[in-house]
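Reading through the structure tokens given below for one structure.
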Amino acid sequence: MLENETALLEKMAAGDKDAFQAIYYHYAPRIYGKLLKLLHSEDLATELLQEVFIVVWQKHTLIDPTRSFRSYLFKIADNLAIDLFRKANRSTLLLNRLLEASIDHYTHTEERLEQKENAFLLQKAIDALPPQRKLVFTLCKLEGKSHDEVSLLLGISPSTVNNHVVKATRFLREYLAGHPDIAGMILLYFIIK
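In UniProt numbering, the protein residues as written are 1 to 193.
Written out as structure tokens, the structure reads:
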């Protein structure tokens, strides 16, 4: 809860713009987050956020500082979102904006899941390497150490390091080639090129 919220609400009800601004900066991120979850569109969430606080300012003289202001704000946000969805039913342009935002949100979620699956598949392949080869591959390819650095670090010759990297790379390519996940092979290409 905002410190001295009741005092700020009383000032805002009396028309104090500084109090309104303090209330806005405290609650705007929370309201925006809620609207973004509902609408899946940064533009629409921003528009409705502004509308929420326009309504608050238009009705500032009616605010009761003894009641939950947070609930009041979220109720306004809910009502504005519902109104937006109702308008979308009547407006093809608005409906298309909402659909695009939902599709974009879904696509980003799908991409994140695919990336996690690819990372899991790659890690599974790396984990299948013999311990020494896995260590050498990890140090050279994932941590970016040179063959000479790894040679000194592990006390093995640079040619042995190179041999481990070549064999690990060949194994990982073959391992991932046996999986239908093309994106995993692309990920592997960037890591073991």
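The C-beta atom is built at its ideal place from N, Cα and C for all residues, glycine as well.
(1) Excluding the five sequence neighbours on either side, which residues of its own chain have a C-beta within less than 6 Å of the C-beta of L129, listed in chain order?
(2) Within the same chain, show all residues whose beta-carbon is closer than 8 Å to that of T66, passing over the 5 residues directly before and after it, in chain order.
(3) At a cut of 8 Å, does the segment 80-87 reach the segment 14-24 through at least three beta carbon pairs?
(4) Do I63 and M12 have their C-beta atoms within less than 8 Å of each other?
(5) Are the Cβ atoms of V161 and V136 separated by less than 8 Å?
(6) I think Y72 touches L49, with their Cβ atoms under 8 Å apart; what is that distance to the nearest whole Å?
(7) Starting from L36, trace the alpha helix (DSSP H) both ways and give me its first and last residue.
(8) T138 to K37, Cα distance in whole Å?
(9) Helix, strand or coil for S146, going by three-state DSSP, please let me know.
(10) So for L62, helix, strand or coil by DSSP?
(11) Using 8 Å as the threshold, is the C-beta distance between H147 and P158 below it?
(12) Given this structure, state the Cα-to-Cα distance separating V56 from E143, to the nearest angstrom.
(13) Express the C-alpha separation of N79 and A28 in angstroms, rounding to a whole number.
(14) Beta-carbon separation of L9 and F69 under 8 Å?
(15) Let me confirm a value: L152 is counted as buried when at least 16 other C-beta atoms fall within 10 Å, else exposed. Which label applies?
So, to answer that:
(1) A168
(2) T6
(3) no
(4) yes
(5) yes
(6) In fact, because the Cβ distance is near 15 Å, the residues do not count as touching under 8 Å.
(7) K17 to L39
(8) 39 Å
(9) coil
(10) helix
(11) yes
(12) 53 Å
(13) 16 Å
(14) yes
(15) exposed
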